[in-house]
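No gaps in the numbering here: position 377 of the sequence shown is 376 in numbering that gives the first Met the number 0, and each next residue is one more. We put the CB at the ideal spot given by N, CA and C, even for glycine. In this text the structure is predicted, and so the values were computed from the model without any measurement. Step one of this worksheet: look at the structure below.
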Amino acid sequence: MRPLILEMRAFGPFADCQRIDFTELGDKPLFLINGPTGAGKTTILDAICFALYGKTTGNEREGSQMRCDNADDGLLTEVYFSFELGQKRYSIRRCPEQQRAKSRGDGFTLQKSEAELKRLLPDGTEELLVASKVTDANACIEELTGLDVDQFRQVMVLPQGKFRELLLADSKEREKIFSQLFQTHIYRRIEERLKQQALEIKAKARDLQSRRAGILETAGVESLEQLTAEIAALTPSLTEATGNKQKASDALAQNAKTLDNAKALTAEFERHKLLQTQLDALEQRRAEIELHQQTLEKARKAEKLLPSLKELQFRQQEWQQAKAKEADYAKQLQSAEQRLKQATDDKATLAELDEHANKLRRELEQLDKLQPAINELKQLTEEHELGLVEFGRLERAEQQSRTELEQWQQQQQRLKSEANELFSSAERQGPLHQALAALNTRLEKTEQLGHIKQKWQQAQAGLQQAEAHGHQCKAERQSAETEHQRLQLAWHTGQAAILAAKLQPGQPCPVCGGLDHPVPAEMAQDIPGETELNRARDAEQQATARHEAARSDYRNIKRQTEELQLELQRLSAELQACAAADVMVDVKTDATIDAAMDADSYAKADLTMEIDRLVSRRRQLLNELQQAEAAQTRLNNCRQQLQQAEQQVEQRLKHRETQLQQLQQLREQLSLAGARKDAALAALPNEYHFLAAEAALELMARQLEQKQSEWQQLKQQQQDINQQYTEAVSQHKALMQALASSREDNARAEQFAIKAQQTLDDALKQSGFAGRQALEQVQLDEAQMQALAEKIEAWRTQRSEQQTLLKAMDERLAGQSLPELGQLESLWQQQQQQLAEAEDAWQTLNNRMQSLKGTEAQLNKEALAAQALEQEYALIGTLSDVANGNSHSKVSLQRFVLSVLLDDVLLEASRRLALMSKGRYRLLRKEDRAKGNKASGLELEVEDAYSSKVRPVATLSGGESFMAALSLALGLSDVVQAYAGGIKLDTLFIDEGFGSLDQDSLELAVRTLMDLQSSGRMIGVISHVSEMKEQISCRIDINKHALGSSIRLVTV
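As structure tokens, then:
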């Protein structure tokens, strides 16, 4: 990954927008990030790490804590970072959770964290990958880079205090880092798959054992042998029970057949009785059926006379309708004669109406001649009234303009007074900003002092514990040495006694060769064995190792304590300088800091009260600054309002002058319009002169309307009289014709009715009916006659069928008697009980036999499965133990592969470390197995050419650790890219560490970085060591100011 552009807004010490274009540093830059303490050097690495992962390099501050206190409220805290991965370019913009100013009104609102990731295409366009969701952006970045945030910090960014973490990581942590870098997850998946398969085989074996025990328990036996014996004993009993069951079944079948035949014969007798009963019931209905037959025959006779009856009914109805129609026409004719008489009388008055209408027409003509004068008077009157209305409106507008002018003049005076009062408050912003910046600097350093002091106190406590632990380990070492020496002496003494016991008088001693043995060694009570002696020697070695480790820990803690003490002295000097420059902090505070910074009182100094006082003072200054800024805002608003008020006063003065001129012109126009109206009124007849113009107009209009309405009514009355007369004559004539026609229809209908009555009477006499009433009583419709016919036919059919069945059954039952079912059923029940008992006995034995044989088959099947699992586990289990590091070496498959890769990394790292350490040190991979169950195979050791010994990397000093960590990071970068595991580490940032090197080591380290840079990598170094500025020409200088730091690129 190679950075392109970094932009920071309100981030860390940068109050505004700061931009770094890394492309201006060249294709293969080695550049220095330079600046004073606290200026923001490490913040650049924090910004890159935050943009990619949402976390800082040191992971000591959250993104929400990175907002600059001096930033403008309207500027959001955010970081933009574009970078190159291979041939593709990407950009990410990340905004932490923060309080931002509301877009409307005062106050603040919560801005949620956001992240936007894009791919920058070659044609200049962008492809959106993540819109705003932070978790999606984090996952996408990890997928693109192949690193999570912790791995990014360890292999691409070496931040302050993090050099030794990469160097001192244990096998498990280093395995996690290397597996991601070298993409060896397939080996880990092989380990997990083998382990899972082995666990599955074990689980299957346990399940088989549980099922086998469950099968035996279900069968009620304890072993396979007991199961086999019970099957052999049960076989004869089952054979006998089977024979008994078959005999009982045969006897029951024979008796059941006899019983079924007897039941069938009994059913036949019962059926014969039922048929006889049903036939007797049919014979009892014979009289009813004969009555139905007579009714049906009468209805069929009446059906033949139905057309004559319907014809009579139709003719009688037709005659009644004709008589009603004739009476109606006679009544209508009488009314028409009355209307004709009235219309004739009205027609005689038409001459008088014509004379009245002519008189009205002459009066209308006279009024029409006065119409032009009336219209002119009307127009002049309306113009005069409109002028009066406009004059009143202008008068009111002029009064309102005068009132508004007075109000704006008063507001102008008020704003001038308010602006003078706010100006004095707003002038305090500059001094307050300076005081607040100085106070922030002092508070930051005081908090750093408290933090360093706390770490120093912890280091002091750790130093005391380490000293006590060292004394304890020393005592244990001396005790183990004494015990080992005692056992060695006892062992040698015991060996002499053993030899002395074998000496014989006159025989040579195997040690000195002498023949005389005056004082042979005596056998001690307890002689230690070789095993006990070896155990004592191991205990002495372990105690010695613990003592050496304790001494090393003590030296390391003591070195850390001294470094913290130097840091405390530096911060003390800086705080005293800040106190001297801060004119707003009192003398009491300086004295407190002087006492706290005494080199002999670090452990006793308590800065909590001082920090609280500075925080309180900063809160007070912020409050005063907010008040001053608010006064400045109100002053700006007041000046804008004052300018607006002056403009309004000027505009209203001009507008009022225009209104006065318009009022004068309108007065003159109203006077002229009144004279013209009076002249028009004088031209009208004398009868209107005493009226006002409006009254005269109203009178003329009313007369004209009245005359026109009266004339229209006369004309309409004449038309109505003529129309009514014409309609009355026409209607009278039509009714006369209709009445004559209806009388003819009535006579004709009467003849038809008489003829139909005669026809029906003749037909009744011929059919034997006494009259029309007798005919109507026997009438049935078609459905009723059909129902009677079907009922009669059904009775006849059912009676015939019953007689046929009864005759056939008499023939079948001839010579037979009713059987005794009770005796047969009792015998059948006894045989059924015997069969049930035989079946129960057989079922019990058979169920037990089937259960035992099923159990035997299941056990045989489970035995075969268990044998197969044992064979499978012999292979899979062994492979799983070896692959997962459960063998003697404790090295897993993936860790073995990574150990080979680590050897390549250490080869490259040792080449650079040897150069920087002048051939003294070389990094090695620890080959020995770790103690206990701890994972091993990836631990590091360092070979010291001066002492020709190999020791842990934790024993290196601060400067040596930096050189080793730098060499390891550079070697890791070379090997990862050589193996092309999908991750290209062509950028490395180094934060501090060079200050711990001497002049020669520093030159060698810089030369190593230059060699690395010449191979195409980008190297960024953060340091305030002056020698670094002399050797690295490209720089990013960070200038520290009271209101925020700024960035400048130096490429020459």
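Margin query: Excluding the 5 residues flanking A602 on each side, which residues of the same chain have their C-beta closer than 7 angstroms to its C-beta?
Written below: Walking along the sequence shown from the start, residue 602 turns up at place 603. Its pLDDT being 36, under 50, A602 is placed unreliably in this model, and the value from its coordinates should be taken loosely. Once the five neighbours on either side are set aside, the close Cβ partners of A602 are Q456, Q459.
Item checked: Same chain, Cβ closer than 6 angstroms to Y724, five either side skipped, listed in chain order -> Counting from 1 along the sequence shown, the entry for residue 724 is found at position 725. So the qualifying residues of the chain are A342, K346.
Next item on the list: Tell me where the alpha helix (DSSP H) around S879 begins and ends.
Entry: Looking up residue 879 in the sequence shown gives position 880. Element bounds for S879: 820-882.
Next item on the list: Using the Cα positions of V156 and A489, report the straight-line distance between them to the nearest angstrom.
Entry: Here the question's residue 156 lines up with position 157 in the sequence shown. Here the question's residue 489 lines up with position 490 in the sequence shown. If I take the Cα positions, the gap works out to 60 angstroms.
Checklist line | Three-state class that DSSP yields for F21 in the structure shown | finding: Counting from one through the sequence shown, the residue named residue 21 turns up at place 22. Note: F21 maps to helix in three-state DSSP.
Margin query: Suppose you measure from the CA of L669 to the CA of G386; what does that come to, to the nearest Å?
Written below: As a working mapping, residue 669 is identified with position 670 in the sequence shown. As a working mapping, residue 386 is identified with position 387 in the sequence shown. Computed Cα separation, rounded: 6 angstroms.
Next item on the list: Grab me the residues of A321's own chain with a C-beta within less than 6 angstroms of its C-beta, minus the 5 sequence neighbours each way, in chain order.
Entry: Position 322 of the sequence shown, counted from the start, is the residue given in the question as residue 321. Here the set comprises D744, N745, A748.
Margin query: Buried or exposed, going by whether 16 or more other CB atoms sit within 10 Å of the CB of L565?
Written below: Taking the first residue of the sequence shown as position 1, residue 565 is located at position 566. L565 comes out exposed.
Check: Does the distance from the CB of A38 to the CB of A437 come in under 8 angstroms?
Finding: Taking the sequence shown and counting its residues from 1, one reaches residue 38 at position 39. Taking the sequence shown and counting its residues from 1, one reaches residue 437 at position 438. No, these two residues do not count as a Cβ contact at 8 angstroms.
Margin query: Just list the residues that DSSP pairs R66 with in beta bridges.
Written below: Indexing the sequence shown from 1 puts residue 66 at position 67. Answer is F10, bridged to R66.
Notebook entry, point to check: By DSSP, does D943 sit in helix, in strand, or in coil?
Noted result: As a position in the sequence shown, residue 943 is number 944, starting the count at 1. It is a strand residue.
Margin query: Please classify L659 as buried or exposed, where buried requires at least 16 other C-beta atoms within 10 Å of its C-beta.
Written below: Sequence index remark: in the sequence shown, residue 659 carries index 660 (1-based). L659 comes out exposed.
Item checked: Assigned secondary structure, K706 (DSSP; H/G/I helix, E/B strand, else coil) -> Counting from 1 along the sequence shown, the entry for residue 706 is found at position 707. Reduced to three states, the DSSP call for K706 is helix.
Margin query: In this structure, how does DSSP classify G1019 when only helix, strand and coil are distinguished?
Written below: Against the sequence shown, residue 1019 aligns to sequence position 1020. Strand at G1019.
Note to self: Using CA atoms only, rank isn't needed, just tell me which of I720, A252, E942 is closest to Q831.
What the structure shows: Locating residue 831 in the sequence shown gives position 832, counting from the first residue. Looking at the Cα atoms, A252 is the closest of the given residues.
Next item on the list: Given a cut-off of 8 angstroms, decide if E77 and R1075 are closer than it, judged by their beta-carbon atoms.
Entry: Here the chain has residues from 0 to 1051 only, and residue 1075 is not among them.
Note to self: For the region 202-213 against the region 797-816, do three or more pairs of beta-carbon atoms, one drawn from each stretch, fall closer than 8 angstroms, so that the two count as touching?
What the structure shows: no
Next item on the list: Could you tell me which residues DSSP puts in a beta bridge with Y89?
Entry: Here residue 89 corresponds to residue number 90 of the sequence shown, with the count starting at 1. F82, R118.
Item checked: Under the three-state DSSP convention, the category N260 falls into -> To locate residue 260, count along the sequence shown from 1; it is residue 261. DSSP places N260 in helix when its eight states are reduced to three.
Notebook entry, point to check: Going by beta carbon distance, what residues of the same chain come within less than 8 angstroms of R655, once the five residues before and after it are set aside?
Noted result: Translated into positions along the sequence shown, residue 655 becomes position 656. The residues are E397, S400, R401, L404.
Next item on the list: Can you check the region 202-262 for any beta strand (DSSP E) of at least 3 residues that lies completely inside it and give the ranges in chain order?
Entry: none
Note to self: Quick check: G53 and V129, are their CB atoms within less than 8 angstroms of each other?
What the structure shows: Within the sequence shown, numbered from 1, the residue matching residue 53 stands at position 54. Within the sequence shown, numbered from 1, the residue matching residue 129 stands at position 130. No; because the gap between Cβ atoms is not below 8 angstroms, this pair is not in contact.
Next item on the list: Flag this pair as yes or no: are the beta carbons of G1043 and D20 separated by less than 8 angstroms?
Entry: Along the sequence shown, one-based indexing puts residue 1043 at 1044. Along the sequence shown, one-based indexing puts residue 20 at 21. Cβ distance not < 8 angstroms, so G1043 and D20 don't count as in contact.
Next item on the list: Give a yes or no on whether the C-beta atoms belonging to K948 and E938 are separated by under 8 angstroms.
Entry: Within the sequence shown, residue 948 is the residue found at index 949, counting from 1. Within the sequence shown, residue 938 is the residue found at index 939, counting from 1. No, Cβ-Cβ distance for K948 and E938 is not below 8 angstroms.
Margin query: Please report the straight-line C-alpha distance between M848 and Q208, rounded to a whole angstrom.
Written below: Against the sequence shown, residue 848 aligns to sequence position 849. Against the sequence shown, residue 208 aligns to sequence position 209. Cα to Cα, M848 sits roughly 24 angstroms from Q208.
Note to self: So for Q98, helix, strand or coil by DSSP?
What the structure shows: In the sequence shown, residue 98 corresponds to position 99, counting from 1. Three-state DSSP puts Q98 in a strand.
Next item on the list: Give the straight-line distance between the Cα atoms of E475 and T560, rounded to the nearest whole angstrom.
Entry: On the sequence shown, position 476 is the one that residue 475 refers to. On the sequence shown, position 561 is the one that residue 560 refers to. Cα to Cα, E475 sits roughly 27 angstroms from T560.
Next item on the list: May I ask which residues mark the beginning and end of the alpha helix (DSSP H) holding R1034?
Entry: Counting from one through the sequence shown, the residue named residue 1034 turns up at place 1035. Here R1034 belongs to no alpha helix (DSSP H); instead the beta strand (DSSP E) covers 1033-1038.
Checklist line | Local conformation of A356 per DSSP, three classes | finding: Indexing the sequence shown from 1 puts residue 356 at position 357. DSSP places A356 in helix when its eight states are reduced to three.
Next item on the list: Assuming R152 contacts C48 (C-beta within less than 8 angstroms), just tell me the rounded distance between them.
Entry: Within the sequence shown, the letter at position 153 stands for residue 152. Within the sequence shown, the letter at position 49 stands for residue 48. Right, the Cβ-Cβ distance comes to about 7 angstroms (below 8 angstroms), so this counts as a contact.
Item checked: Residue interval of the alpha helix (DSSP H) (run including I791) -> Numbered from its first residue, the sequence shown carries residue 791 at position 792. Unbroken alpha helix (DSSP H) run through I791: 781-811.
Item checked: Cβ-based burial, N69 [other Cβ within 10 Å; buried from 16] -> Indexing the sequence shown from 1 puts residue 69 at position 70. Burial call: buried.
Next item on the list: State the DSSP-derived secondary structure class of V388, mapped to helix, strand or coil.
Entry: Counted from its first residue, the sequence shown places residue 388 at position 389. Helix, per DSSP.
Note to self: Taking the alpha carbon of N137 as the reference point, which residue from Q712, L51, R485, L166 has its own alpha carbon closest?
What the structure shows: As a first step, residue 137 must be located in the sequence shown, where it is residue number 138. Measuring from the Cα of N137, the nearest candidate turns out to be L51.
Next item on the list: Run the CB neighbour count on F177, radius 10 Å, all protein chains shown included, and call it buried at 16 or more, exposed below.
Entry: Sequence index remark: in the sequence shown, residue 177 carries index 178 (1-based). Buried, since its Cβ has 16 or more Cβ neighbours within 10 Å.
Next item on the list: If I'm right that L376 touches A644 with Cβ under 8 angstroms, what's the distance once you round it to whole angstroms?
Entry: Stepping through the sequence shown from its first residue, residue 376 is reached at position 377. Stepping through the sequence shown from its first residue, residue 644 is reached at position 645. Not a contact, Cβ separation roughly 52 angstroms.
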